[in-house]
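Top to bottom, those sequences are chains L and A.
Okay, so the first sequence: first residue is 4 according to my numbering, each after it adds one.
Okay, so the second sequence: first residue is 4 according to my numbering, each after it adds one.
For every residue, glycine included, the Cβ atom is placed at its ideal position computed from N, Cα and C.
Since the structure is predicted, the reported quantities are computational estimates derived from the model, not experimental observations.
2 protein chains.
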Amino acid sequence: MSASKRDELVQSALKIFYEGGFNAIGMDRIAAETGVSKTSIYKHFRTKDDLILATLRLRDEQFRNWLVRRVEVLASEPSLRLVAVFDALHEWLTEPGFRGCMFVKASAEFQDRASPIHAAAAEHKRLLQLYLEKLAEKAGARNPAELALHLQLVSEGAINIAHLNDAHRAADAARAAARVLINSAFLPAATPANSND
Amino acid sequence: MSASKRDELVQSALKIFYEGGFNAIGMDRIAAETGVSKTSIYKHFRTKDDLILATLRLRDEQFRNWLVRRVEVLASEPSLRLVAVFDALHEWLTEPGFRGCMFVKASAEFQDRASPIHAAAAEHKRLLQLYLEKLAEKAGARNPAELALHLQLVSEGAINIAHLNDAHRAADAARAAARVLINSAFLPAATPANSND
DNA sequence: AGTCACCTTTACCGATCTGTACACCTTTCG
DNA sequence: CGAAAGGTGTACAGATCGGTAAAGGTGACT
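This is the structure we're talking about:
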């Protein structure tokens, strides 16, 4: 009972924070829109930051699960899954309710590096990078860690630009740029991308 | 007098907002840290949003000027200037005071598409894209608009990841990924990146 | 010297913020 | 049927939010 109620609360809070921002949304609004009284909310979470952390944990879990499963469905061969990541990304960016990355927003509103919220956002990005790295590894990339980071830069950029300008254009461009980077990472060291001066 | 005082105020507010966030910083704090009384601030700006808009305009001007001049110094040939953009970016990302992109933060805290602040952030990104497009055009890229967008995705992603994780790694990776994308954009259509299904 | 325009300080407004005290109601168990 | 227990809404506290009114200072120009 209490556990599932709590999950519902976090799920609702997630949506409200995502659409309205963390600082801009007050606990009164959370209580009003979730139907859970403020007193009860503070029974489950000692502070607002704790509630925000819980929503971020849920978001991290939901998003990564969604991405992994979507990629599994879209492509079965390891070499194709890297591209499939950007097909899944395309789907997300062009969704009607798309409002940017929740963790980017969280890190924008809680800049203090000591804040657990900032740390949670950083951790989410690290986990995504790790996922890409594993995909690149299975696909047999020359340098999986490097390719993963390159792809993450493109995907993060696409998320931001999609939020500010044309989402379709950004999503298409991300897919195209990713293809170029992926191809280059499998070529027999034709273009040494990491040549320093 | 009034004009330069105003500029000083905006300059100081820019720094304070950049380090503390827009919603988190109150006007009392702006008044206290700038030494300008709240009454005087509201003589120059009717609302807090107006002050924020002024800081964003200043930031846009300063950043684009800095980037253009830095690229001019770092490379004289058009074909090399595209790479130089990422050398300049590297310098910025690894600065001690780097705290992410101010416009990303602004758009994160003011998500409403009707907000002039959101629009200002979008405009900034559009202007940067235009600058990259002009560079790509002068360098003789096959598809300047597409290359510019690809490079912007990488650069935006690097700004975000640098803010959350290792800045040096992100900056290096951005430079490497940019080189790959630039090289590919000058090859005689060997890898058609924009091939749709 | 006197006047005027501007800037500052101080105090304040109503609204909203996070977080809490307390009385109430429901549920469960004896 | 009654009583202990725990979740519920109301109402509130203390602080801070954006924004303003009014009075006191300060300097420049005539």
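Each residue's CA atom was taken as its position, placing D63 of chain A and A57 of chain A some 10 Å apart. Between V86 of chain A and L135 of chain A, the gap from beta carbon to beta carbon reaches 8 Å or more. In the structure shown, Q114 of chain A falls within a coil segment according to DSSP collapsed to helix, strand and coil. Positions of the beta strand (DSSP E) runs, each at least 3 residues long and wholly inside the stretch 62-128 of chain A, cannot be given because no such run exists. In the assembly as shown, K108 of chain A is a buried residue. Its beta-carbon has 16 or more other beta-carbons within 10 Å. In the structure shown, the three-state DSSP call for S7 of chain L is helix. The CB of K128 of chain L comes closer than 9 Å to the CB of N163, I164, L167, N168 in chain A, given here in chain order.
Taking a contact to require three or more Cβ pairs closer than 8 Å, the stretch 111-129 of chain A and the stretch 133-149 of chain L do not qualify as touching.
DSSP places S158 of chain L in the uninterrupted alpha helix (DSSP H) bounded by 147-167.
Residue-level contact by beta carbon fails for G100 of chain L and chain A, as no gap is shorter than 8 Å. Buried is the label assigned to L138 of chain L, since at least 16 other Cβ atoms lie within 10 Å of its Cβ. Exclusion of the five residues before and after D90 of chain A leaves L77 as the residues of its chain whose Cβ lies within less than 6 Å of its Cβ. Shown here, N26 of chain A sits in coil according to DSSP, grouped into three states, outside any helix or strand. One thing to note: A165 of chain A has its Cβ within 8 Å of the Cβ of A173 of chain A.
Contact between F106 of chain A and H93 of chain A is ruled out by a C-beta separation of about 19 Å, above the 8 Å threshold. For the 8 Å CB-CB criterion, L70 of chain L and A170 of chain L do not form a contact. For the pair E140 of chain L and N26 of chain A, the CB atoms are not nearer than the 8 Å cut-off.
Of all alpha-carbon atoms in L:L131, L:E159, L:N163, L:I162, the one lying nearest the alpha-carbon of A148 of chain L is that of L:L131. By a beta-carbon distance limit of 8 Å, H47 of chain A contacts R9 of chain A. Their separation comes to about 5 Å.
With fewer than 16 other beta carbons inside 10 angstroms of its own, A35 of chain A counts as exposed.
Spanning the alpha carbons of I33 of chain A and T37 of chain L requires a straight line of approximately 35 Å.
If you draw a straight line from the Cα of R73 of chain A to the Cα of S158 of chain A, it is about 16 Å long. Closer than 8 Å to the CB of V183 of chain A there is at least one CB belonging to chain L. Excluding sequence positions up to five before and after I185 of chain A, its CB lies within less than 6 Å of the CB of L85, all in the same chain and listed in chain order. Of all residues in the stretch 42-67 of chain A, none has a C-beta nearer than 8 Å to a C-beta of chain L. In its chain, beyond the 5 residues on either side, I19, F20 have a beta carbon closer than 8 Å to the beta carbon of I28 of chain A. Annotation: Cβ neighbours of G103 of chain L in chain A (cutoff 8 Å, chain order): S110, A111, Q114. Flagged as an interface residue toward chain L: E159 of chain A, by a C-beta distance shorter than 8 Å. The continuous alpha helix (DSSP H) containing A179 of chain L extends over residues 170-189. Assigned with DSSP and collapsed to three states, R60 of chain A falls in helix.
Under the DSSP assignment, T42 of chain L falls in the alpha helix (DSSP H) whose first and last residues are 41-47.
Here Q65 of chain A is exposed. Its C-beta has fewer than 16 other C-beta atoms within 10 Å. As the crow flies, the alpha-carbon of A161 of chain L is around 37 Å from that of Y45 of chain L. At a cut-off of 8 Å, the C-beta of G24 of chain L has a neighbouring C-beta in chain A.
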